[in-house]
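Taking it in order: structure first as structure tokens, then the write-up.
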Amino acid sequence: MGADIPTSSAAGSPTDDALLSAARQGDSAALETLLVRYQPHLYRFGLTMCGNVEDAGDVAQESLISMARSVHDFRGDSSVSTWLYTMARRFCIKKRRRSKFAPTREESLDAPATDVAQHLADPGPTPEQTATNRELATALAQAIATLDPSQREVLVLRDVEGVSAPEVAKILGVSVAAVKSRLHRARLTVRGELAPALGRPSIASPRGVLCPDVLTLFSQHLEGEIEPGVCAAMEAHLVQCHHCREACETLKRTLAICRQLPTPNVPASLVASVKTAIHAFLNQR
Ligand SMILES: [Zn+2]
751 MGADIPTSSA AGSPTDDALL SAARQGDSAA LETLLVRYQP HLYRFGLTMC GNVEDAGDVA
811 QESLISMARS VHDFRGDSSV STWLYTMARR FCIKKRRRSK FAPTREESLD APATDVAQHL
871 ADPGPTPEQT ATNRELATAL AQAIATLDPS QREVLVLRDV EGVSAPEVAK ILGVSVAAVK
931 SRLHRARLTV RGELAPALGR PSIASPRGVL CPDVLTLFSQ HLEGEIEPGV CAAMEAHLVQ
991 CHHCREACET LKRTLAICRQ LPTPNVPASL VASVKTAIHA FLNQR
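All letters in the sequence shown, in the order written, are residues 751 to 1035 by the numbering used here.
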């Protein structure tokens, strides 16, 4: 599965590469189209990585302005999305360093997650569905916030943004194996945190002596890492083991919630400030 960003001209819109080469030749409309295309993705990345709306806005804005400034230096040896997420990640790290020394927030721990979830939750067809979506998005934002930063960035890029594992490895500058090992651990943690919101106890019921580590196996299976024989053995176990089946079910639902987080509406004030900054930069040249 690749990033869910429309990088091809399937819908009749120009590809990233076409826009990029036009932008490098000084076509400011092409540059703006590219920035508008990535804005919601970077905003969502900032929301899930930083866990608060203000920092997410800064991350999206700083990444897009950096992109505009460095469009001529970009060598094209990676995709536009890899390049942008690499920049956005750096801004997230800077934010984190700064916030370590910042005074402790006064609001309750739940407040930022609820705030973030308001931007991330899909409005449902009914008020009940909207409330459920919001509740799950809040629980997910809280679960992601509990992850160690090195696991959080892998899960957000792979499972929320839909970036491929080799591309995540490029963004982080680590091996694909390291990405996958962090990813499996992160998925298990988030599943455990999300279980109560999915109507399941957070403490997994004790596995039987013969139970394999189905959660890791299932996660590896999704990444295409499991031999068909192992897969068949796992499926045979699931048929007869209720505990493992429940555990797998909550992992599936957790990942579905990650993947179905909509790209948020970027606040109008953020769109306007990015536009102003980029026009100011283009006029300087
Ligand atoms: Zn079992």
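Glycine residues also receive a C-beta, built at the ideal position from the N, C-alpha and C atoms.
Sequence-distant residues of its chain with Cβ nearer than 8 Å to L797 (five each side left out): V803, A806, V866, H869, L870, A891 and P1014
Could you check the C-alpha separation between L897 and R935 for me, to the nearest Å? 10 Å
Backbone CA spacing between V964 and C998 [nearest angstrom]: 7 Å
Nearest by alpha-carbon distance to F795: which of D909, G949, P946 and S829 is it? D909
I need the DSSP call for C961, collapsed to helix, strand or coil. coil
Is the CB-CB distance between R941 and L1001 below 9 Å? yes
Check each residue's C-beta against every heavy atom of ligand 1 and list, in chain order, those closer than 5 Å. C961, C991 and C994
I'd like to know if the region 815-823 and the region 926-935 are in contact, where contact means that at least 3 CB-CB pairs between them fall below 8 Å. no
Distance check for A773 and L1032, CA to CA, integer angstroms please. 11 Å
According to DSSP, is T876 helix, strand or coil? coil
For A947, which residues in the same chain have their Cβ closer than 7 Å to its Cβ, ignoring the five residues on either side in sequence? E885, L886 and A889
Where the alpha helix (DSSP H) containing R941 begins and where it ends: V926 to L944
List the endpoints of the continuous alpha helix (DSSP H) containing H822. Careful: H822 lies outside any alpha helix (DSSP H) and carries neither H nor E.
Among G801, G776, D872 and L770, whose alpha-carbon lies nearest the alpha-carbon of R787? L770
Return helix, strand or coil for G796, following the three-state DSSP convention. helix
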